Structure formats: C-alpha cells, structure tokens
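Residue numbers (the working numbering), protein chains in the order written: chain A, 152 to 383; chain B, -18 to 248.
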C-alpha cells in the first residue's frame, strides 16, 4: 500500500506536527546542501577563510539535528503514531542522523582546505571538484525525493551511487600515482585522501536516505540486501 | 516482522486442528438492518485476537455470534456458519447452554452478582449441579489465581463482591467465566470502564490466559489492541476490511481504510 499524504488526521495539530517535522528535516538538508556548495566553491578557489566559516557553521546543523530528535521523541511519546505515521517518524529519525553525518563529511572537506597547500595536480583538483558537483546533485535529488516522498526517484539515486564509487576508485589510483612522486609531503596527501573518502561517504549516506524513503513509501526494507534497482 | 501477504496467508492457511473459531460467509440482520456482511475468518487456538472498528461497525455483534448471544435479540437472522472446534454452532443439534460454558464472555461493565466473592466464582458450577465443597473450593482458588485476584481476596472470600474496586470486580467476573473452564473467552471492551493501572493488570492477565485459552477481545483502544493481540480484525459498517497479524496491521496495513482508521484519519 502506498500513502504519501501525511495530513488528513482528525487532529489538525497532529497534521501540523508531522508537517513541521518534515519541513525541519528539509531545512536541515538545505543548510547542509548550502555548506556543501560553499565548500566546493572554496575548494576551487582554495579560499581558506570561506572554509573556516563552513567549519564554524556545522554547529547550526548539529543544533538542528538535536531539535529534530527531540521532536520525534515527543511525537512518539504523545501521539503513539502507527502505520505510515510511525514509518514517517522512524524514517525521519534515521534520515536526521545521516544528514547530520553528511554535514560532518562536508566539514572534513572544508578542514582539508584550511590545513593544506594542496599538492595535487590541476587534473586531480578538477576531478575532485567534478566529483563534488556529482555528490551535490545527488544530495539535492535525494532531498527532492524526500520532499515528494518519491520512491521511484529514490531508486534511481540509489543506483547512481555506483557512479560516485567508480569515480572515487579512479581518483584514488590517480592520487596514489602522484603521491609516489611527492612522498615528502605525505600528511597533505592524507588530507586529500580523507576528503575523497568523505565525498564517497556522502554518496553512501544519500543512498541510505533513499533506502529510508523506499521503506516509508513501500514498507519494504531494502537495507543490507543486494537489490539493484537498475535491473528493475 | 511478517509482510502483508505472508501475514494474511498464514491466517487463511490454518488447519482445523489449529483453529478455535472459523467464520464462513457470516451475515447477520436485525430485522431489515444488516449488521454483518459476508464475514469469513479463522481465529487460531491459544492466541489473542483483537476486533477493532468504529462504533456501530458490528464488533460486539460478531463476537456475540461466537456464543449465540444474538439469539436473544428479536428479529435476528443469521446466514453462514460459525465453527467452534470444527462444528457449526448454528446447527440444529447445538446445545446452546453447553456452548456458552465452552465459550465464556465478559462485558464492558463489571457485573458481579450481589453475593460473596466466593459465590460469584462458583456460581456457574453450582448451576451445572456441582455441590461437592472440595471441588468448588479448588475451582474457586484456581480461577481466582488465573485471574490474578487470589492474593488480594483470599482472606475475604465471603465478603460481598460489591466491596471490590472496579478493576478487581472485572477480574472477579473473568474468574467466574474461567471457573467453567471455557476453551474460548470473549471480552467485550473489558477495560473501558477501568483506570490505567487496572487496565494494565487486565491486559497482563489476558496475555497469560492464552496459554490455556483462546481469547477474542473487542476494544476501542487501538493501543490496547496493539499491545495485547496476536492478530487483529478491522471491521467497518459490518464488513471485515482487513484481518492480519497485529505487527503487520499497525506498521504496514494492507488497506487504505485500515490505515485511515488506525492513524486517526477516519471520518
């Protein structure tokens, strides 16, 4: 059974509470998306000051996460949600955690920008920026799929994570090749490797969010199985 | 957690040995008013089945069919079959008093008789003609223990039942039903007149009863249905809308109407 309508309860206040909860997650997602976009701009221009502001702004995301958790707990305690309402609240608890962790990964990339004079070649920098754009689009689509509770879009994004993984593997090979030629600045290279890993992890976390959307809409748990939506 | 289709299939696939009550195409009318329409379901033995639905949907009428209580209502006309232990209780050879001792019933308001606690419990046994004091004493103690009331009343068995609290009175009424050793116990909103603590005590009691009995409970309290039952039937306007495992119904109901009812969107 599919049910995307979170309003329609006899209690108008409960409608408002669920709507506000969903909007709070979208607002948090919007804040993380903004920080990711700014990080990519700072990465391209190697703007350390902008990167420091992004690190500082991660506190906003952390505060939003705590408020959403509190609201979920309050709704469970006071409303005893069932069926699609219960799935929505559980889905939001999970998405909330993943979006906050995406914020942490963005902070990790920004920290690299502040710490290091990037030793990588222009080609690697361009590829990092391109991968960043790819995950930014993926994250934006994930938030849209959540806003519309669109499980079909979620399945497409879930499949798209493979492209990010391939790009990551390809970049890793490139970085290791350049590292071997510049071994004396290994710590800076490690920062680059951690940032690449952070980008790949953002893709994984978008995939997690898509799995929760599919669970909410279709009631099917696709986590930890080998479902390939590209084959469907 | 079973998915929707597995949950429904497992209830349909019950063998006669596993089934306490089977309802086949049951329809019931009071005069011209149809109260139940073509209901079919199987209630497994040693389990708790909740029946939920809005007021007037036919919940109490349905469980009233399980011990032919509706026979007492004028103009009641029943079509279809209700099989208890694979035997149609609407057959012409059914002995209704025996059926009612086999299928006990407890109602919303505690209704102890104006006599002592002890006499309330053994009332049904005396009606059956049992007079041996030792048998009656044993039966009273066993029934009161099963109803989780023995420790509270063992020193006041010959006090009037009316001095008990509402929750104790309801457990006494359950003990009175249990003294007859029914296979099936029907509970029609047994806690709607009780405070939250008494309600939890009755729920705990109901949970323990399924070791020896099959319990069918009608309730308006959806959280209660979710807490105590193994499977839940949702009725609306005399029709069975959905019947599935309680875990499934309260997380991923199959029908839109069920979803609307249990999430408070009905109306």
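Glycine is no exception: its CB is placed at the ideal position from the N, C-alpha and C atoms. Because the structure is a prediction, the values reported are computed rather than measured.
Please tell me whether residue i and residue j are closer than 8 Å, where the distance is taken between their beta carbons.
i	j	result
residue 172/A	residue 206/A	no
residue 32/B	residue 175/B	no
residue 294/A	residue 184/A	yes
residue 230/A	residue 370/A	no
residue -6/B	residue 26/B	no
residue 182/A	residue 215/A	yes
residue 83/B	residue 164/B	yes
residue 380/A	residue 306/A	yes
residue 251/B	residue 158/B	Because chain B spans -18 through 248 in this model, residue 251/B falls outside it and cannot be assessed.
residue 98/B	residue 138/B	yes
residue 227/B	residue 213/B	yes
residue 46/B	residue 9/B	yes
residue 183/B	residue 149/B	no
residue 59/B	residue 70/B	no
residue 219/B	residue 15/B	yes
residue 302/A	residue 365/A	yes
residue 96/B	residue 142/B	yes
residue 165/A	residue 245/B	yes
residue 105/B	residue 167/B	no
residue 199/B	residue 41/B	yes
residue 275/A	residue 326/A	yes
residue 362/A	residue 352/A	no
Just confirm the distance between the C-beta atoms of residue i and residue j, as a whole number of angstroms; I'd bet it's less than 8 Å.
i	j	result
residue 390/A	residue 349/A	Nothing about residue 390/A can be read from this structure; chain A reaches only from 152 to 383.
residue 209/B	residue 29/B	6 Å
residue 129/B	residue 102/B	Between residue 102/B and residue 129/B the Cβ distance is about 14 Å, and since that is not below 8 Å, they are no contact.
residue 264/A	residue 193/A	5 Å
residue 359/A	residue 249/A	5 Å
residue 222/B	residue 238/B	5 Å
From the DSSP secondary-structure annotation, give me the bridge partner or partners of residue i.
i	result
residue 14/B	11/B
residue 423/A	Residue 423/A lies beyond the range of chain A shown here (152 to 383); nothing can be said about it.
residue -8/B	Answer is none; residue -8/B lacks a bridge partner.
residue 5/B	62/B
residue 30/B	197/B and 212/B
residue 223/B	215/B
residue 42/B	Answer is none; residue 42/B lacks a bridge partner.
residue 164/A	Residue 164/A is not bridged to any residue.
residue 25/B	0/B
Contact list for the stretch 229 to 241 of chain B against chain A, Cβ threshold 9 Å: 230, 231, 232, 233, 234, 235, 236, 237, 239, 240 and 241
Contact list for the stretch 147 to 160 of chain B against chain A, Cβ threshold 8 Å: none
Members of the stretch 214 to 240 of chain A near chain B, C-beta cut-off 8 Å: 231, 232, 233, 234, 235, 236, 237 and 238
4 or more residues per run - each alpha helix (DSSP H) lying fully within the stretch 257 to 294 of chain A: none
Near-chain B residues of the stretch 152 to 183 of chain A - C-beta to any C-beta below 9 Å: 152, 154, 156, 158, 159, 160, 161, 162 and 165
Residues of the stretch 191 to 209 of chain B with Cβ closer than 9 Å to any Cβ of chain A, in chain order: 203, 204 and 207
Residues from the stretch 360 to 372 of chain A in contact with chain B, defined by Cβ distance under 7 Å: 370
Segments assigned alpha helix (DSSP H), at least 4 residues, entirely inside the stretch 47 to 116 of chain B: 77 to 83 and 98 to 108
Whole alpha helix (DSSP H) elements within the stretch 116 to 140 of chain B, 4-residue minimum: 131 to 134
Against chain A: residues of the stretch 53 to 82 of chain B by CB proximity under 9 Å: none
Unbroken stretches of the beta strand (DSSP E), 3 residues or longer, contained in the stretch 133 to 177 of chain B: 165 to 169
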